[in-house]
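Top to bottom, those sequences are chains A and B. Position 347, counted from 1, in the first sequence is what our numbering calls 347; the numbers after and before it change by one each time, with no gaps. Position 192, counted from 1, in the second sequence is what our numbering calls 192; the numbers after and before it change by one each time, with no gaps. Below: the structure, in structure tokens.
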Amino acid sequence: MKKLFPTMEVGSLRKAPFLTRDRERAAVAAERWGSLLNVADYQKLVNGIMDGSVGEREVLDWASIYGLRFFESAGLDIIYDGEAKRPEMYEHPLKYVDGFSFRGLVRVWDNEYYLKAAVVARPRLREPYHIDEFLFNKRHATRPLKVPITGPYTLADWSLDEYYIKIYAGGDPLEARRRAKHDMVMELAKEVIRPTVKNLVEHGAEHIQLDEPAAATKPSEVALVVEAVNEVLKGLNAEATVHICYTDYSALLPDILEMKVSNLSISCSNADTTQLGLDSDSRRGFKVLELFHEYDAGFRVAPGVVDVHTDFIESPELVRDRLIYSAKLMSDPAKIIACNDCGLRTRAWDVAYKKQLSLVRGAELARSAYS
Amino acid sequence: MRVPGYLVGGFPRSTELVKHFREHAKGKLSSEALEKHVVENAREVVARQHEAGFSYIIDGMLNWPDPIRPVFEGLDGVEIDGLARWFDNNFFYKKPIITAHLKRVADPDRRYFHAELIPKERRKIVLPDPYTLARLSENKHYRRVEDLVADLAEQVAETAGILSSDGVGQIQLTAPSLVVSKLERDEAEVAAMGIEIIASRCPRPILLHMPYGPAGNAVPAVLDFPVDIIGFDMTVTKSRELSEYTAGKRVYLGLLDGRNSYMEPVEDILDSYVEMVDELDVSEAHIGPNCDLELLPYSVAVEKVKRLGEILKRMAEL
Numbered sequence: 001m002k003k004l005f006p007t008m009e010v011g012s013l014r015k016a017p018f019l020t021r022d023r024e025r026a027a028v029a030a031e032r033w034g035s036l037l038n039v040a041d042y043q044k045l046v047n048g049i050m051d052g053s054v055g056e057r058e059v060l061d062w063a064s065i066y067g068l069r070f071f072e073s074a075g076l077d078i079i080y081d082g083e084a085k086r087p088e089m090y091e092h093p094l095k096y097v098d099g100f101s102f103r104g105l106v107r108v109w110d111n112e113y114y115l116k117a118a119v120v121a122r123p124r125l126r127e128p129y130h131i132d133e134f135l136f137n138k139r140h141a142t143r144p145l146k147v148p149i150t151g152p153y154t155l156a157d158w159s160l161d162e163y164y165i166k167i168y169a170g171g172d173p174l175e176a177r178r179r180a181k182h183d184m185v186m187e188l189a190k191e192v193i194r195p196t197v198k199n200l201v202e203h204g205a206e207h208i209q210l211d212e213p214a215a216a217t218k219p220s221e222v223a224l225v226v227e228a229v230n231e232v233l234k235g236l237n238a239e240a241t242v243h244i245c246y247t248d249y250s251a252l253l254p255d256i257l258e259m260k261v262s263n264l265s266i267s268c269s270n271a272d273t274t275q276l277g278l279d280s281d282s283r284r285g286f287k288v289l290e291l292f293h294e295y296d297a298g299f300r301v302a303p304g305v306v307d308v309h310t311d312f313i314e315s316p317e318l319v320r321d322r323l324i325y326s327a328k329l330m331s332d333p334a335k336i337i338a339c340n341d342c343g344l345r346t347r348a349w350d351v352a353y354k355k356q357l358s359l360v361r362g363a364e365l366a367r368s369a370y371s
Numbered sequence: 001m002r003v004p005g006y007l008v009g010g011f012p013r014s015t016e017l018v019k020h021f022r023e024h025a026k027g028k029l030s031s032e033a034l035e036k037h038v039v040e041n042a043r044e045v046v047a048r049q050h051e052a053g054f055s056y057i058i059d060g061m062l063n064w065p066d067p068i069r070p071v072f073e074g075l076d077g078v079e080i081d082g083l084a085r086w087f088d089n090n091f092f093y094k095k096p097i098i099t100a101h102l103k104r105v106a107d108p109d110r111r112y113f114h115a116e117l118i119p120k121e122r123r124k125i126v127l128p129d130p131y132t133l134a135r136l137s138e139n140k141h142y143r144r145v146e147d148l149v150a151d152l153a154e155q156v157a158e159t160a161g162i163l164s165s166d167g168v169g170q171i172q173l174t175a176p177s178l179v180v181s182k183l184e185r186d187e188a189e190v191a192a193m194g195i196e197i198i199a200s201r202c203p204r205p206i207l208l209h210m211p212y213g214p215a216g217n218a219v220p221a222v223l224d225f226p227v228d229i230i231g232f233d234m235t236v237t238k239s240r241e242l243s244e245y246t247a248g249k250r251v252y253l254g255l256l257d258g259r260n261s262y263m264e265p266v267e268d269i270l271d272s273y274v275e276m277v278d279e280l281d282v283s284e285a286h287i288g289p290n291c292d293l294e295l296l297p298y299s300v301a302v303e304k305v306k307r308l309g310e311i312l313k314r315m316a317e318l
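Structure follows, in structure tokens:
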């Protein structure tokens, strides 16, 4: 029998604490975390920071190693490097694609912004990306890797369209927008994301995570999300997870059931209470799992049992209750993966690490409840 | 023909202002210094609307954390919770959880509208409509949704009253929840009741604007709502959804796409406007973007304002 409640992270971590211009602070952080995470030869980094001999590229390699050890030493089963070499999930991939032009900052919430691009010509992949990063991580990881990559629908939905809309201009404007969006998403799927994922799989990636946080933005386009995801993954020999966060998941149904993936990773804890309990009031953030059960979803669900938008440290008992409640709603503990709501980019390493320790310990407690 | 044109929601912050807000969040910039930057930037946003010849002018709403939170500030009975998606956008608001009877314990912050930057008769205040507020909240207290909507309407009216105390040219109630799905009769009645409370207490004219959904989801019910102008998102509405009804009041046609950087040719917008006005039985049709420009980069929003200005100029020549 496979391990119940395997633990998995979603992707990003805040930049490694030693990535600062203040050498002294950087060295102290490299020393502290190197020791805490059991990073081999971390003194080389500390010395390199102090005498200025460590180059920019080398520091990023160290950041990847620290990221891997961060999750490994916390005890997670499926890991990555915290996306240590990626500035973020939208701007970074577009740097490898012709046909986009950055237009400026756009707000996502409060003071959070991203640099938004417009598609100005047919997108063309210059070179498959994430491959150097993956090969490096593969050499250094001691646990199974899951490679996160931004999905085609999200890349399209987060972009402005100054190209496809012109192709259909002049006709019915609503139909023009529909066709323009379809073409943009599917061309990104076929010409950009699939070749990149295929290249990763050919180089040994066994688990791919397509990040599609925009998937439920427009309920009328969920079928397009599914079409694009299936296009990217068709025939590839790798486990696939799709991550969709902070949304009304009921809007994804029933189309999402057609997605040919092993796991669906979703956020729940951000809308949950922090009190212990297995009742629907305490676990209000997990109600959506009822729907996946009702529709008899073929994939496993990875509900976020850790909220990545607060510094509150979930106790292992809270994580346990969230997992047991999820399993109860799905009527099968084997259909649940213990996961975070989303990437941990917004949390300090100290907070994030404690949250991951709780994730692992909470999963153990849930497991023992079923043994 | 002279056609009134204007914006229907917040303007994006400039890159510099984004930086100032971040510095403030980190404690590196005082609230007073931040407010000074907000006013400077608002002055520029106001000037651009003047230059474009807009009939009503907003201050940009540059210090609003999201389109609804200011209404809940100073209220007892509500907790601001986790992030929730703002309709079909890559933008998130913080969800209000209604835990007790809503009661005001402090006045709304007057700095949410910089009235002094705009001549009285052209000032425009944008607030959420109470039904939309209720739909975006989690109600854990009120047994009947109409009671929640009524109390929210009182709070919106009070906020509008305070922000417009020195005079106002137009008050807009933004109501996406009326059009994002089919509005049932009982829902329309509740929404109308909320708007009636505001209409009875606030200066006129009032524009009820409904972005992000086709007008067909809310007409004909909304045509009888006690407002002076009804605004539609024409980027998602087919003109035939409106053509069989008599509005009996002025309409606002959101023809420019406020969510895309593609600059619509002036002649295309003119043609659409003329075609729609021919089909609709209305006394006056105003024009502008379908929604706020907040989800565009600052430089693109500036271009959209200019484009609307060009359209208004061409219309004036006709």
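Glycine included, C-beta positions come from ideal geometry on N, C-alpha and C.
The beta-carbon separation of residue 245/A and residue 157/A, rounded to 14 Å, does not stay under the 8 Å limit for a contact.
Listed along the chain, the chain A residues whose CB falls inside 8 Å of the CB of residue 66/B are 109 and 110. In the displayed model, residue 371/A falls within coil according to three-state DSSP, outside both helix and strand. The beta-carbon of residue 132/B is placed no less than 8 Å from the nearest beta-carbon of chain A.
By the C-beta density criterion, residue 159/A is buried, having at least 16 other C-beta atoms within 10 angstroms. At a C-beta separation below 8 Å, residue 309/A has these neighbours in chain B: 82 and 83. Using a Cβ distance threshold of 8 Å, residue 6/B and residue 124/B count as a contacting pair. Spanning the alpha carbons of residue 290/B and residue 233/B requires a straight line of approximately 5 Å. DSSP places residue 289/B within a strand segment (E or B) once states are collapsed to three.
For the 8 Å CB-CB criterion, residue 360/A and residue 82/A do not form a contact. Runs of the beta strand (DSSP E) lying entirely within the region 135–201 of chain A, each at least 3 residues long, are 147–150 in chain order. If you ignore the 5 residues before and after residue 189/A, its C-beta comes within less than 7 Å of the C-beta of 152, 228, 231 and 232, all in its own chain and listed in chain order. When C-alpha distances from residue 239/A are compared across 200/A, 138/A, 351/A and 206/A, the shortest belongs to 206/A. At least one CB atom of chain A sits nearer than 8 Å to the CB of residue 296/B. When the alpha-carbon of residue 286/A is set against those of 176/A, 272/A, 101/A and 298/A, the nearest one is in 272/A.
Among the residues of the region 13–45 of chain B, those with a Cβ less than 8 Å away from any Cβ of chain A are 13, 15, 18, 21, 22 and 25, in the order of the chain.
If you compare the alpha carbons of 12/B, 245/B, 191/B and 228/B with that of residue 178/B, the shortest gap goes to 191/B. Taking 8 Å as the threshold, the shortest C-beta distance from residue 174/B to chain A does not fall below it. Residue contact check for residue 15/A against chain B: no CB pair falls below 8 Å.
Residue burial annotation: residue 304/B is buried, with at least 16 other C-beta atoms found within 10 angstroms of its C-beta. Apart from sequence neighbours up to five positions away, the residues of its chain that approach residue 219/A with a beta-carbon distance below 7 Å are 251, ordered along the chain.
Of all residues in the region 204–235 of chain A, the ones placed with a Cβ closer than 7 Å to any Cβ belonging to chain B are 214, 217 and 218, in chain order. Taking C-beta atoms as the reference points, residue 51/B and residue 104/B fail to come closer than 8 Å.
Looking only at 139/A, 98/A and 134/A, the smallest Cα-Cα distance to residue 119/A is reached by 98/A. Of the candidates 278/B, 71/B and 139/B, the residue whose Cα lies closest to the Cα of residue 109/B is 71/B.
For residue 86/B, the CB contacts under 8 Å within the same chain, skipping 5 residues up- and downstream, are 66, 67, 92 and 93 in chain order. At a cut-off of 8 Å, the C-beta of residue 54/B has no neighbouring C-beta in chain A.
For residue 96/B, the uninterrupted beta strand (DSSP E) run begins and ends at 92–104, by DSSP. Selection 137/B, 62/B and 115/B evaluated against residue 110/A yields 62/B as nearest (Cα-Cα). In terms of Cβ geometry, residue 293/B and residue 248/B do not form a close pair [threshold 8 Å]. Under the Cβ criterion of 8 Å, residue 298/A is not counted among the residues facing chain B. Rounded to whole angstroms, the separation of the alpha carbons of residue 28/B and residue 12/B is 22 Å. Residue 313/A has its alpha-carbon roughly 30 Å from the corresponding atom of residue 138/A.
In this structure, residue 206/B sits away from residue 222/B, with a CB-CB distance that is not shorter than 8 Å. Taking 8 Å as the cut-off, the beta carbon of residue 125/A is found no closer than this to the beta carbon of residue 241/A. For residue 47/A, the enclosing alpha helix (DSSP H) begins and ends at 42–51.
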